[in-house]
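Take 1 as the starting number for the sequence shown in full-length UniProt numbering and just add one per residue.
Cβ atoms here follow ideal geometry from the backbone N, Cα and C, with glycine treated the same way.
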Amino acid sequence: MTMPLSGEALYAQLGQLIVDMPDLRNHGWNTPAGQRWLGRAIALVGETGNIVDATAFKVTAQGLSTNPYQPGHDTAVQRMTSILYHALAVAELRAPAAAQNGFIPVGEPFTALTAVAGVMAEATDSILLVDPYADGNLLTEYAVQAAEQITIRVLTDSHSCKPGLAPATQAWVEQYGERRPLEVRQAQARSLHDRLIIVDGRAVWNLGQSFNALGTRSPTALVRVNEETAQLKVQAYDQFWTSATPLA
Numbered sequence: 001m002t003m004p005l006s007g008e009a010l011y012a013q014l015g016q017l018i019v020d021m022p023d024l025r026n027h028g029w030n031t032p033a034g035q036r037w038l039g040r041a042i043a044l045v046g047e048t049g050n051i052v053d054a055t056a057f058k059v060t061a062q063g064l065s066t067n068p069y070q071p072g073h074d075t076a077v078q079r080m081t082s083i084l085y086h087a088l089a090v091a092e093l094r095a096p097a098a099a100q101n102g103f104i105p106v107g108e109p110f111t112a113l114t115a116v117a118g119v120m121a122e123a124t125d126s127i128l129l130v131d132p133y134a135d136g137n138l139l140t141e142y143a144v145q146a147a148e149q150i151t152i153r154v155l156t157d158s159h160s161c162k163p164g165l166a167p168a169t170q171a172w173v174e175q176y177g178e179r180r181p182l183e184v185r186q187a188q189a190r191s192l193h194d195r196l197i198i199v200d201g202r203a204v205w206n207l208g209q210s211f212n213a214l215g216t217r218s219p220t221a222l223v224r225v226n227e228e229t230a231q232l233k234v235q236a237y238d239q240f241w242t243s244a245t246p247l248a
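Structure follows, in structure tokens:
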């Protein structure tokens, strides 16, 4: 018998489920990956304990049509989506305060900004931002949310980082100096795959999108990883940082 998910785990998994939602209006659900997504969605909605929602989601999913123009198909998709967001809201209420507000809907860049700022507010010493596609807005919109005297490190990809990062880094250093210590390094091309916020070398948050598109193109989630995974991430990215070269 499996143990029920904690509120934090359920919230994180439902948020990621919504991020990964296939195109239900067309044929996205009628593929092997889409069928796996549906199975996981049915299981996670059931984990909320709301039998009415769980039953409605399962029955509605079984009624999806391979013809997107079939009467009732759009209504079914809307109902399933509504149930998922309700399940997410319920799970968020059960999650610890530190884990809440991690889901970032599409078209809500301010929600993204406040979510990241909330994570950065926990730092007392340092923050490592990992983003292969880092651009200038990583500094001008997000890193600047950290308190003064917090050391900011940015690790990006030598092949994929955007041209706006270098001038933003130079302007930051010229303006803030030691008040806001900053160092930016580039890892070997195509070696980075995560988008992370690592606080004080111990707490790790996983970000579903790069900072340059956060909350603008598609929904995503900012999720704190468990302690065991965090230790592995910290060790791995310490090694990446050591071998990376300073941004030219």
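TODO: Please state whether DSSP places I83 in a helix, a strand or coil.
DONE: Walking along the sequence shown from the start, residue 83 turns up at place 83. In this structure, I83 counts as helix in the three-state DSSP scheme.
Task: Nearest candidate by alpha-carbon position, reference V77, set W29, I197, L93 and D194 - done: Against the sequence shown, residue 77 aligns to sequence position 77. For the residues W29, I197, L93 and D194, the minimum Cα distance to V77 belongs to W29.
Open item on the list: Using DSSP's beta-bridge definition, name the partner residues of P246.
Closed with: Taking the sequence shown and counting its residues from 1, one reaches residue 246 at position 246. Looking at the DSSP assignment, P246 forms a beta bridge with R185.
- [ ] Inspect the beta-carbon positions of A41 and L10 and report whether they are closer than 8 Å.
- [x] One-based indexing of the sequence shown puts residue 41 at position 41. One-based indexing of the sequence shown puts residue 10 at position 10. No.
TODO: Put V199 into one of helix, strand or coil per three-state DSSP.
DONE: Position 199 of the sequence shown, counted from the start, is the residue given in the question as residue 199. The three-state reading of DSSP puts V199 in strand, counting E and B together.
TODO: Starting from residue 254, trace the alpha helix (DSSP H) both ways and give me its first and last residue.
DONE: Given that the chain is displayed from residue 1 to residue 248, the structure contains no residue 254 and the question cannot be resolved.
Open item on the list: Three Cβ pairs or more, each shorter than 8 Å: is that satisfied between the stretch 230-239 and the stretch 162-178?
Closed with: A contact is defined here as three or more CB-CB pairs under 8 Å, and the stretch 230-239 fails this definition with respect to the stretch 162-178.
Open item on the list: Going by DSSP in three states, V19 sits in which element: helix, strand or coil?
Closed with: On the sequence shown, residue 19 is found 19 positions in, with the first residue counted as 1. V19: helix per DSSP, three-state reduction.
TODO: Tell me whether I152 is buried or exposed, calling it buried when 16 or more other Cβ atoms sit within 10 Å of its Cβ.
DONE: Here the question's residue 152 lines up with position 152 in the sequence shown. Answer is buried; the Cβ neighbour count reaches 16.
TODO: Can you say whether Q186 is buried or exposed, counting buried as having 16 or more other CB atoms within 10 angstroms of its CB?
DONE: As a first step, residue 186 is located in the sequence shown; it is residue number 186 there, counting from the start. Counting Cβ neighbours within 10 Å, Q186 comes out buried, since at least 16 surround it.
TODO: Compute the distance between the beta-carbons of residue 253 and W205, then report whether it is under 8 Å.
DONE: Here the chain has residues from 1 to 248 only, and residue 253 is not among them.
Task: Reduced DSSP category for I150 - H, G, I as helix; E, B as strand; rest coil - done: Residue 150 sits at position 150 when you count from the first residue of the sequence shown. I150 falls in the coil class under three-state DSSP.
Task: Residues of its chain near T66, where Cβ-Cβ distance is below 8 Å and the 5 sequence neighbours each way are ignored - done: The residue you call residue 66 lines up with position 66 of the sequence shown. Closer than 8 Å at Cβ, skipping near neighbours: H27 and N30.
- [ ] Work out the CA separation of E141 and P109 for me, nearest whole Å.
- [x] Residue 109 sits at position 109 when you count from the first residue of the sequence shown. Residue 141 sits at position 141 when you count from the first residue of the sequence shown. Distance between the alpha carbons of P109 and E141: 10 Å.
TODO: Output yes or no for whether 8 Å exceeds the beta carbon distance between A134 and F240.
DONE: Locating residue 134 in the sequence shown gives position 134, where the first residue counts as 1. Locating residue 240 in the sequence shown gives position 240, where the first residue counts as 1. No. Outside cutoff.
Open item on the list: Please state whether the Cβ-Cβ distance between A221 and Q16 is less than 8 Å.
Closed with: Within the sequence shown, the letter at position 221 stands for residue 221. Within the sequence shown, the letter at position 16 stands for residue 16. In this structure, A221 sits near Q16, with a CB-CB distance shorter than 8 Å.
- [ ] Using three-state DSSP, classify A134 as helix, strand or coil.
- [x] As a first step, residue 134 must be located in the sequence shown, where it is residue number 134. Note: A134 maps to coil in three-state DSSP.
Open item on the list: If you reduce the DSSP assignment to three classes, tell me which class R224 lands in.
Closed with: The residue given as residue 224 occupies position 224 in the sequence shown. When DSSP states are grouped into helix, strand and coil, R224 belongs to the strand group.
Open item on the list: Nearest by alpha-carbon distance to K162: which of Q145, L182, L5 and L139 is it?
Closed with: Walking along the sequence shown from the start, residue 162 turns up at place 162. Closest option to K162, judged by alpha-carbon separation, among Q145, L182, L5 and L139: L139.
- [ ] Mind checking which residues open and close the alpha helix (DSSP H) that includes L165?
- [x] Along the sequence shown, one-based indexing puts residue 165 at 165. For L165, the enclosing alpha helix (DSSP H) stretches over residues L165 to Y176.
TODO: Rounded to whole angstroms, what's the CA-CA distance from T124 to V144? Just pull it up for me.
DONE: To locate residue 124, count along the sequence shown from 1; it is residue 124. To locate residue 144, count along the sequence shown from 1; it is residue 144. Looking at the two C-alpha atoms, the distance is approximately 15 Å.
Task: CB of D157 within 8 Å of CB of R190, strictly - done: Here the question's residue 157 lines up with position 157 in the sequence shown. Here the question's residue 190 lines up with position 190 in the sequence shown. Yes, they are a contact pair.
Task: Supposed contact pair G7 and R79 - C-beta distance, whole angstroms, cut 8 Å - done: Position 79 of the sequence shown, counted from the first residue, corresponds to residue 79. Position 7 of the sequence shown, counted from the first residue, corresponds to residue 7. Contact between R79 and G7 is absent: CB atoms are separated by about 25 Å, not below the 8 Å threshold.
TODO: Compare the beta carbon distance of P22 and V106 with 8 Å and say whether it is the shorter of the two.
DONE: Counted from its first residue, the sequence shown places residue 22 at position 22. Counted from its first residue, the sequence shown places residue 106 at position 106. It is not a contact, given that the beta carbons lie outside the stated cut-off.
Task: Status (buried if at least 16 other CB within 10 Å, exposed otherwise) for R217 - done: Position 217 of the sequence shown, counted from the first residue, corresponds to residue 217. Classification of R217: exposed, given that the 10 Å Cβ count is below 16.
Task: Which listed residue (T242, V90 and A117) has its alpha carbon closest to that of Q188 - done: The residue you call residue 188 lines up with position 188 of the sequence shown. Just measuring C-alpha positions, the residue of T242, V90 and A117 sitting nearest Q188 is T242.
Open item on the list: Mapping the DSSP letters down to three states, classify D125 as helix, strand or coil.
Closed with: For the purposes of this step, residue 125 is taken as the residue at position 125 of the sequence shown. For D125, the three-state secondary structure derived from DSSP is coil.
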